[in-house]
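Contents: one structure, followed by commentary.
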Amino acid sequence: MKQNIIRFFLLFVLVGGGASVVYFALYFKPDLPIYNPSDINIKLVDKTKRGIIRDHTVGEFSLTSQLGQNITPKDLENKIYVANFIFTTCEGICPAMTGNVTSIYKEYLNDDEIKFISHSVTPEIDSVPVLKAFAEKYGVEKHNKWYFTTGPRKHIYELARMHYFAAQDTGDGGPNDFLHTENLVLVDKEKRLRGFYDGTDYDQIDQLKEDIAQLKEEYE
18 MKQNIIRFFL LFVLVGGGAS VVYFALYFKP DLPIYNPSDI NIKLVDKTKR GIIRDHTVGE
78 FSLTSQLGQN ITPKDLENKI YVANFIFTTC EGICPAMTGN VTSIYKEYLN DDEIKFISHS
138 VTPEIDSVPV LKAFAEKYGV EKHNKWYFTT GPRKHIYELA RMHYFAAQDT GDGGPNDFLH
198 TENLVLVDKE KRLRGFYDGT DYDQIDQLKE DIAQLKEEYE
């Protein structure tokens, strides 16, 4: 009798423990990683930032939106956002990338917690009216939800290389430099980098959608 009780107890522990493991595997998700320069492909990191292992955040910037408004980190304060780099005359990766981001924009259209920012890498071409027309071409009418920005060329290149780590070394934004990247960057409310995605890859776009949802849960 005593042995039967012990066997029953052991069986209960094993079954219960197994169920716990299965539940844990199915439902528990660790928080998204927080990326610092030391975690990222060295080719994407400006040499002045290499080796930094903690506390990296997107720093100060001052840009102009498709409505001619000044955009600074204050406009993204307490927001989860997706950042990328485009130019309106691009016939390669930009249309695919912008179209894919549009699908996410529409999904979160009425969610004030989520925003988007695109930086023009050819600001001498992409004026405020050009950016506004480009945004509307992709159905973006909520202009305070998705900023299409322009600004000093060197400033934009600095953001790509020293803040978002979104592009390989393409110079510092001089007249002969050219930045072209399909990378999307997920940024949290503390301005920390939480994910990198190929904006032309449908699977990675799906992953970005999942990661946005998960990041929202981290703040609940």
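Reading the sequence shown from the start, the letters are residues 18 to 237 in our numbering.
We treat Cβ as the ideally placed atom computed from N, Cα and C, and that holds for glycine.
At least 8 Å separates the beta-carbon of Arg211 from that of Asp220. In its chain, beyond the 5 residues on either side, Thr115, Gly116, Thr119 have a beta carbon closer than 8 Å to the beta carbon of Tyr155. Ile88 is bridged by DSSP to Leu80. Taken atom to atom, the span from the alpha-carbon of Lys159 to that of Leu126 is near 8 Å.
Burial check for Asp128: the Cβ neighbour count within 10 Å stays below 16, so the residue is exposed.
In this structure, Thr89 keeps its C-beta atom at 8 Å or more from the C-beta atom of Ser137. Between Leu61 and Phe182, the C-beta gap is smaller than 8 Å, which places the two residues in contact. Checking the DSSP bridge columns, you'll see Phe104 has no partner listed. The beta carbon of Leu49 sits closer than 7 Å to the beta carbons of Arg211, Gly212, Asp228, Gln231, Leu232 from its chain, once the five residues preceding and following it are set aside; these are given in chain order. Annotated three-state conformation of Val75 is coil, per DSSP.
Note that the C-beta distance between Thr105 and Val147 is below 8 Å.
Under DSSP, Tyr98 shares a beta bridge with Lys132, Val204. Here Leu210 is bridged, per DSSP, to Tyr52, Val204. DSSP places Phe165 in the strand class (E or B) of the three-state scheme. A straight-line Cα-Cα distance of about 6 Å links Lys96 and Ile131.
Looking only at Phe102, Ser79, Ile59, the smallest Cα-Cα distance to Leu203 is reached by Phe102. Straight through space, the alpha carbons of Lys91 and Glu108 are spaced by roughly 32 Å. Within the same chain, and ignoring the five residues on either side of Ser55 in sequence, the residues whose Cβ sits closer than 7 Å to its Cβ are Gly68, Ile69, Ile70.
The residues His160, in chain order, have a CB closer than 6 Å to that of Leu84 in the same chain once the five nearest residues on each side in sequence are set aside. DSSP lists Ile103 as the bridge partner or partners of Ser137. With distances taken between CA atoms, Tyr122 lies nearest to Ala100 out of Val75, Ile51, Glu77, Ala100. The distance from the Cβ of Glu199 to that of Gly216 is about 5 Å, consistent with a contact at the 8 Å cut-off.
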